[in-house]
Structure formats: structure tokens, C-alpha cells
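Chemist:
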Amino acid sequence: MTNGNRSLGRDGRNRAGANFVTDRTIRLDGVRKAFGRNAVLRGIDLELPAGTITVLMGANGAGKSTLVKILCGVHGADAGRILLGGQPFAPASPSDALASGVVTVHQNINDGVVPGLDVATNLVLDELPRGALFLNQRAIRARARAIAAQVGLHDLDMRAEVRHLGLAERQMVAIARAMARSPRLLILDEPTSSLSAVEAERLFALVERLRAKGVAILYISHRMGDIRRLADRIVAMRDGAISGRFERAPLDIESAVRAMLGHAMAEVRIDIPAPGAPVLEARGLVLRPGARAFDLDARAGEVLAVTGLVGSGKSALAGALFGVALPLAGAMRLDGADYVPASPGDAVARGVFLSPKDRLQNAVVRDFDITRNLTLPFLRRHASGGFLSRRSERTAARAVVAEMGVVCQSPGDPITTLSGGNQQKVVVGRWLSQPSRLLILDEPFQGVDIQARRDIGARIRATAPGRATIVLATEIDEALEIADRILVMSEGTVVGEHVNRGIDLGRLMAQVVDAPGARAVTAE
Amino acid sequence: MRDFAIRYGFLILMIGLIVVFGLSAPGFLTPQSAVFILQSVAITGILALGVTCTMVVDGFDLSIGAVATSALMLSAYAQVIWGLGAIEAVLMCLAMGAAVGLANGVMIVKLRVPDLLATLGMMFVLIGLQRIPTQGNSISTGMALPGGGSATGTFDPLFLALGRLRLDFILPRLLPLSVVMLLVIALLVWVFLETTRHGRLMYAIGSNAQAAALAGTNVDRYRIAAYVISGTLASVGGVLLAARLGRGDVASGNNLLLDAVAAALIGFAVLGAGKPNAFGTAIGALFVGILLQGLTMLNAPYYTQDFIKGAVLIVALVFTFALSGRAGRPA
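Taken in order, these protein sequences are the chains called A and B. Just so you know, we're using this note's numbering here: the first sequence kicks off at 31 and counts up by one. Just so you know, we're using this note's numbering here: the second sequence kicks off at 221 and counts up by one.
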């Protein structure tokens, strides 16, 4: 797969001297990648100067992760060339990329550390295969301390097992270990998505130290706070191409967001229906210690979107409404009656459904076919005296497959044979298949292409009359496409409310990004 | 072709085996031989069906063998020493099995002890506990009691009938009651796992517990229930063993655990299920029985039995995991 771009790379070496770039700049020229007929990268030209933090922004499906995977050796490019310090670079494998000095820290941090070993051993792990037969613990710890000191980490407990460390410290260990190879390019893929504010601050300090050492840094994030704090330049990606470069200080983040979202898609017309009777009335909800209490109302027939950054409290809200974890304080009423769900089973029995985010982890049952995945929460309806009726299940499944437009041979296909977008249609369709009072959809468009997103959104709106619907979406444009009314959450509380008609995007974005204390130390 | 091999390979292997034994060992294809095979696998089969239930919820029960031998000793103790009747003895054993299953389930689900460790600990506790009252001796009528005197109780004839009664079927006095119980239990477990809401939810839990919970399933309750089923079925196996032996023999039942687990794992390969299933487990137990009976009739020495069982298990696991390319956790 990589043979093709190897020869392109050799060609590139001859011309490298003609480019006005320093030796230490990473340069991509016309990089293309397609999966089947689906062109994911359509000619990427990008330079990543040494000692500079380049933030890469892009909506889901823009091609960011494919680009990263090409840089770190998981995929080969179909066309184009990459120059790394003037040399052609076409890694055949992740270890190849690592040996060439391209280090990637993924969202899933455990890829970079061995949880069962102590910090010192983790730091020197790359040297162990070629080391002496017997381990000298003192020498290992001394070497590990030297490695940690290189990146300014002086307070790491070398004897602590990595599995006892917090996510942030694991990330530090992974980065420090990678830095022992004196890399040229460090790629950070949404590194703060699971970090608290304090932890994120430590990471930022480390990243800035590495910048000072002349490492080129590619930083991928949706979090405006991170971007504002770190970015030397911003590159926006959309639909597999670079849609904007922002290099002049002060960085124009709003334009970057616009470049990332684009206006190529036709706007979705939202007809806001007349408000129905209140379905959910929540008063004085407190979702985390120290967060300000808030009220929440959802009316019949209404589609309410809740947006906010990762970690703003959206999923905690979903958990509270669905009986996963009760709120710390506050009272909820459903159709005028007290509502205190002790478990998801309670919530479902009251007609409150939740389609969770992260479908592979929270929704898809891999051993089941499409039908069984669809009927999972409603087996009672397909059973008499405890015995399931296959025919009843099949009928229900065929209806959902048709309504959601799931592309499959038959409802008996294993769920794993479906593409991600179609799997998402199944797990969302699962909860649309039965009438509910309150339907909560947590990131219903996660990891789906724009067409599937429109299909799912249309189905959600078409079925909305009669129930209240709450859609949780990190991406603002997803909220704009689906909702009658948009709430903004930050720091575990609601900080803004907008009716989705001639919305003031600037104000909405400011509430998402600039909410008071968005990056300040929280009570947690 | 590959799909066909995955799906029917194991059943074809079994039919081929029956044909080969039928041709080469005279008397193999007779009702008596068939019944003997069934009787030899009845107890391990029942245990295997129990452990299948725990495997369905992605758990494992190492204590089934010890539960069975505990039930064996308890039923003997109840009748020979306490002088109780058959019904009380059997109920005590079933209650003991269910209680052990409940304890296993609570340890694993509520106290978050890993399944293998919890049930391993339970296995040791039970193996030790069943020997304490008799100071390590077997129980039989007339045995010397630790406090002086001798045991006067006897096994209730009704109890012994569980292991020894043969029903008229084709031939008079052909079908042992234990075989009938195996067939009934296999059918019940199959019906439960494949056709009821509860079985479906248990499979969902085994595949993705988080997704099952977020679909409104009470995951903890089903997990515990699986261990209760496993413990109860193991105690049924122990009762049948005691009834067949007619004494509380401390040394019997050594192989029960491993044979039952092997049957359940062989069951993964049947019809290409690739997962624990009641039908496969029953076939798996039968397969081992047929193989051993055939080889015995061909005069293979008894000490080759474990080797053969191991080889069959490995073949079955290759069918399941290598051929079908499934990554999974068999144990």
C-alpha cells in the first residue's frame, strides 16, 4: 500500500532544496487518500514548522483522523508526498513512524503506556529490548529520571505503577517516553478530552516546553479554550481539504470555525411547532459539586438541543434524566408526576428513553443481529409469558430498517457487517421504534457522514410530535440542524438559551467557549 | 465452504465417529450402548449446562465440581447420620447449591471479585468443608462416628431410585432416570436461553453489559441469577452421583469440573455458534461420551481417556476460534 508513495517521496527529495522551508519543517504536498469510492483526503498541502504549535480544526468526517493515521504510519497515502526534515517520509508502520521521529499521543492514552509496570520502567521501555539481561533498578530509575527531566517533569514518582496514575499523568509519561527519542513531530489528538482543568494546564505547560525545544506540534482539538491557549496557527479542514489557514496574530478563531463548518450544505429549515404541554420539568438541578443549579423544561413536540464542550456536563444531564446517576440536588417531574428514576429500567418504564453516545461501548451488542439489537430494550413487548415471538421482532425490525433507511441485506444480518453510519441508524432507531414521553439522544450523529446525519435528523424531527426530545450535541452545527431551541451548557450548568430562529451565532459560540471559568480551576 | 465447515464440521465429525465405531465395534449401535453413553455423560452434562449459563453472561464458575461433591456428601450425611428422608435430603442439596451460587454471584457482582478468583476460592472452601464433619472419611451406613457409636441411617430407597431406576423404553428397564433428567434439563436450559426474554438479555449482557444496562436491563440481577442456576444444577448433578453410588464417597467426582467445562467449550463449535449455547453443550457432552465409549469398546486403555478428551477440546476450539476468526474469551 505504501510502495506508491515511497517512489513519490524519493522524487520529493530532489526538489526539497528548492522549497523555502527550513530543514526541520514537516511538509505535505497533495496528500490524497480514499477508502473505496469514499475520498477522505482530497489533496492536502500543509506545512508544520518546527517550534510551532499548529492547531488542526475540522468537523467529524473532515478527514483529520485519516491525516493523522497517515502521518503516524497506520495508513499509506494514495498520492502525494511528505517531507520530514527535507527527507521523504512514508512510514510503513507505526513503529516506522516512531523511529523517524513522529510521535502520536492518541485519545486512548493506554496505547502509549504499560499500565502494569511502574513509571521508571515505562519511561525506559524502548531501551529494554536491547539492554542487559538482568535489570538494575537503580540504573533504570536514574535513566528514567533523566528522561523525565528532559521534558521538565521533576516530580514524577518513579516507583508508582502507571495504572494508579491519573489520565493526565499517564499522558505525561507517554509523552516523556516519546520525547526520549528526540522526535521532530508530536501529534496530540484531542488530548484534553478526558482531562480536568488543572490536568490540562499541566499538559499545556509541557507542550509549550516542547515547542521551545523546537519540536513541531500538531494539535487536534475542538475545545476553543485549548486552541486559544496554545495555537500559534490554525489550519481548518473540511471535507478532506484544507479550508482555511490562520497565521496572523491575533488568531481569528471565529473565521476558523466558519472555515471548518463551511456553508456548502443547504441549510436545514426548522419549522418551530407551537409548544405543547410540559413533559419534563426539572427544578434546581445540580450535576456536580460546586456547579450552579439550573432549571430545565421540555415540552411535547419540541426538539431541544443541548450543546457545550466535552466535559461541560451534557452527559451528566443525560445520566440524571435516565436514572444512571441521580443529580446531587433538584427535583424532576414527568407529565406532572414526580420523577426519580433509580435505574435505566425505571426510566424506560416511565417512557424516558436514552440513546447513548459512543455506540460501540454503550449501545451495540456485537454478537446480535440487527433485529436483536433493535428489540433489546423492548423484549417485553415481543414476548408473551416470557417467550419471545420471532415474528413480532422481525416485523418491528423491518419497520425500523425501512424508516431509518438502514442499508443492509436483511434485518437478520450481524450488526458488525454494517458501516458505522448504518450502525448508528440502528442504535438510534432502536429508541425511535417505540413511543416515548421523553427521548434523550446523546450525540446521535457521532461518527456518521453528512448524509446519514441528515437522515437521522429528519427521522428524529418527523417522530417528535407527541413526545419531548432532547438532543445532546457538542458540534454547534448539529444542534442548529435539529433543534427548535438550543441550551448551552458549561461547567455543569446551563449558561444560555436560544430559540433556533435567526440565532446570534457569535453569542452562542461565546457562551460555549467563553463561559466564565471555562478553563479556570473547578471545584472538582 | 469455510462457512459450511464452521457450521456443520463438528456434527459431521460426530456422525463420522458413530459410523466408524458402529462398523468396527460390534454392539456399539445398540440401545444399551446408547443408553450407557447417555448415562456416562448425564452428570457432567447437567453441570456443563449450568456453567454454560454463567458463560453466557461472560462469567465463569469453577466451583461447580465442588458444589456437586458437596451435594453428594450432604445428601449422604443427611440420610445416613441425621436419618432424614429422600425429599428433605434433595431439597437441602438444592438449597445448598442455590446458596453457593448466590454467594458466588454476590461476590462477583457486588463485591467485584473477578469470577475466576471468586469461584476458585469457593471451590477450595467447599472441598474442605465437605470433609470436616466426617474428618475426611466417606459416609456409609454403619460407619464409625467421631463421637463414638456408628451411623445407623440408611439411604432412602426413593433417593437411590434417582440414580438407579430404569424406565421401560423400547426395551424393558432400559432408560435410567438420570438420562431423562439430563434431557429434560437440557431442554429447559435451551428453551430458557434461546426463546425467553431472560435468556436474550443474558446473551446481551455477555456481549456488551454496558449496552444492556443502558437498554434498561438489571445486569446485576441477571448475573447473579446465572450463578444461582449454575450452583443449583451442580447440586442436582451431585445428588444423582450420590444416588448412583449409594454412599458419600469423598474421592468421587474429581473430574466433574474439567469434564463439564470441556463439554461447554466444545459446545462453542457446534453449528458454528462461537458462543456458549445449551444445544452445543449437550452435543459436546455427548461427543465426549461417544468417543470414550467407542474407544473403550475397541479396547483402548482407560488411561488414554484424558488425552483424547484434551485433543477433542483443542479441535473444537480451533473450529470455533481459528476457523471462524472470532476473537473471544472462552474461559
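In this text, a Cβ means the ideal position worked out from N, Cα and C, and glycines have one as well.
Unbroken alpha helix (DSSP H) runs of length 4 or more, entirely within the segment 206-288 of chain A: which are they?
Modeler: You should have 227-242 and 254-260.
Chemist: Looking at chain B, is there any beta carbon in it that lies within less than 9 Å of the beta carbon of A/Gly-459?
Modeler: No, because no Cβ of chain B sits closer than 9 Å to the Cβ of A/Gly-459.
Chemist: Give the interface partners of A/Pro-386 over in chain B, defined as CB-CB distance under 7 Å, in chain order.
Modeler: Chain B residues near A/Pro-386: Leu-434.
Chemist: Since I believe A/Thr-504 is in contact with A/Thr-337 (beta carbons under 8 Å), could you give me their beta-carbon distance rounded to a whole number of angstroms?
Modeler: The Cβ separation is near 7 Å, so the contact holds.
Chemist: Given a cut-off of 9 Å, decide if A/Val-98 and A/Val-143 are closer than it, judged by their beta-carbon atoms.
Modeler: No.
Chemist: Can you give me the Cβ contacts of B/Pro-396 inside the same chain, cut-off strictly under 6 Å, excluding the 5 residues immediately before and after it?
Modeler: So the qualifying residues of the chain are Gln-259 and Arg-386.
Chemist: Could you tell me whether any Cβ in chain B is nearer than 9 Å to the Cβ of A/Leu-418?
Modeler: By this cut-off, A/Leu-418 is an interface position.
Chemist: Among A/Gly-532, A/Gln-541, A/Arg-515 and A/Ala-509, which has the Cα closest to the Cα of A/Glu-521?
Modeler: Checked all of A/Gly-532, A/Gln-541, A/Arg-515 and A/Ala-509; the closest Cα to A/Glu-521 is A/Gln-541.
Chemist: If you measure beta-carbon to beta-carbon, which residues of the segment 416-430 of chain B are closer than 8 Å to chain A?
Modeler: Flagged, chain order: Thr-416, Arg-417, His-418, Arg-420, Leu-421, Tyr-423, Ala-424, Gly-426, Ser-427, Asn-428 and Gln-430.
Chemist: Leaving out five residues before and five after A/Gly-459 in sequence, what residues of the same chain have Cβ atoms less than 6 Å from its Cβ?
Modeler: Excluding positions up to five away in sequence, the list reads Val-430 and Met-434.
Chemist: Applying the 10 Å Cβ sphere with the 16-neighbour rule, what's the burial state of A/Thr-557?
Modeler: Coverage of chain A is limited to positions 31 through 554, which leaves residue 557 of chain A absent and any answer about it impossible.
Chemist: With DSSP as the reference, label A/Asn-166 as helix, strand or coil.
Modeler: A/Asn-166 falls in the coil class under three-state DSSP.
Chemist: What three-state label does DSSP hand A/Pro-308 in the structure shown?
Modeler: Three-state result, A/Pro-308: strand.
Chemist: Quick check on DSSP: helix, strand or coil for A/Glu-473?
Modeler: Three-state result, A/Glu-473: coil.
Chemist: Going by the beta-carbon positions, is the gap between A/Asp-219 and A/Ser-95 smaller than 9 Å?
Modeler: Cβ atoms of A/Asp-219 and A/Ser-95: closer than 9 Å.
Chemist: A/Lys-455: which of A/Ala-64, A/Phe-383 and A/Val-478 sits nearest, CA to CA?
Modeler: Closest option to A/Lys-455, Cα to Cα, is A/Val-478.
Chemist: A/Leu-86 lies in the beta strand (DSSP E); which residues open and close that run?
Modeler: A/Leu-86 -> beta strand (DSSP E) spans 83-88.
Chemist: Assuming the contact rule is C-beta atoms closer than 8 Å, A/Met-290 and A/Met-254 should be a hit. Round their C-beta distance to whole Å, please.
Modeler: That belief does not hold up - the Cβ atoms of A/Met-290 and A/Met-254 are roughly 12 Å apart, past 8 Å.
Chemist: If you measure beta-carbon to beta-carbon, which residues of the segment 487-504 of chain B are closer than 7 Å to chain A?
Modeler: So the close ones are Lys-495.
Chemist: Exposed or buried, which one is A/Glu-511 when buried takes at least 16 other CB atoms within 10 Å?
Modeler: Buried: at least 16 other Cβ atoms inside 10 Å.
Chemist: Quick test of your reading: A/Arg-396 and A/Gln-453, contact by CB under 8 Å. State the CB separation rounded to the nearest angstrom.
Modeler: The Cβ separation is near 10 Å, so there is no contact.
Chemist: Roughly how many angstroms lie between the CA atoms of A/Ala-208 and A/Ile-272, to the nearest whole one?
Modeler: Distance between the alpha carbons of A/Ala-208 and A/Ile-272 is about 28 Å.
Chemist: Taking the continuous beta strand (DSSP E) assigned at A/Ser-520, which residues delimit it?
Modeler: It spans 515-520 - the beta strand (DSSP E) in which A/Ser-520 sits, taken as one unbroken run.
Chemist: Can you tell me whether DSSP reads B/Phe-375 as helix, strand or coil?
Modeler: In the structure shown, B/Phe-375 sits in coil (DSSP, three-state: anything other than H, G, I, E or B).
Chemist: In chain order, what residues of the same chain have a beta carbon less than 8 Å from the beta carbon of B/Thr-416, not counting five sequence neighbours either side?
Modeler: There are no such residues.
Chemist: Determine the DSSP secondary structure at B/Ala-542, reduced to helix, strand or coil.
Modeler: Of the three classes helix, strand and coil, the one that applies to B/Ala-542 here is helix, per DSSP.
Chemist: From the DSSP secondary-structure annotation, give me the bridge partner or partners of B/Ile-257.
Modeler: Answer is none; B/Ile-257 lacks a bridge partner.
Chemist: Straight-line CA distance for A/Val-192 to A/Arg-483?
Modeler: When rounded, the distance between both Cα atoms is 39 Å.
Chemist: So what's A/Val-181 in DSSP terms, helix, strand or just coil?
Modeler: Looking at A/Val-181 - three-state DSSP - the assignment turns out to be coil, as it is neither helix nor strand.
Chemist: Going by DSSP in three states, A/Val-149 sits in which element: helix, strand or coil?
Modeler: Helix.
Chemist: What are the partner residues of A/Arg-383, as DSSP defines its beta bridges?
Modeler: Note on residue identity: the sequence assigns Phe, not Arg, to residue 383 of chain A. Paired residues: A/Leu-469.
Chemist: Quick check on this structure: which residue in B/Met-422, B/Gly-348 and B/Pro-353 has the alpha carbon closest to the alpha carbon of A/Leu-409?
Modeler: Considering only alpha carbons, the answer is B/Met-422.
Chemist: Taking only beta-carbon atoms, is B/Thr-437 less than 9 Å away from chain A?
Modeler: It does: the Cβ of B/Thr-437 has a partner Cβ on chain A nearer than 9 Å.
Chemist: Any contact of the segment 320-340 of chain A with the segment 485-500 of chain A, i.e. 3+ C-beta pairs under 8 Å?
Modeler: With the cut-off at 8 Å, the segment 320-340 of chain A and the segment 485-500 of chain A touch.
Chemist: So for A/Ile-533, helix, strand or coil by DSSP?
Modeler: Correct three-state label for A/Ile-533: coil.
Chemist: Please tell me whether A/Thr-493 and A/Arg-241 are closer than 9 Å, where the distance is taken between their beta carbons.
Modeler: Cβ distance not < 9 Å, so A/Thr-493 and A/Arg-241 don't count as in contact.
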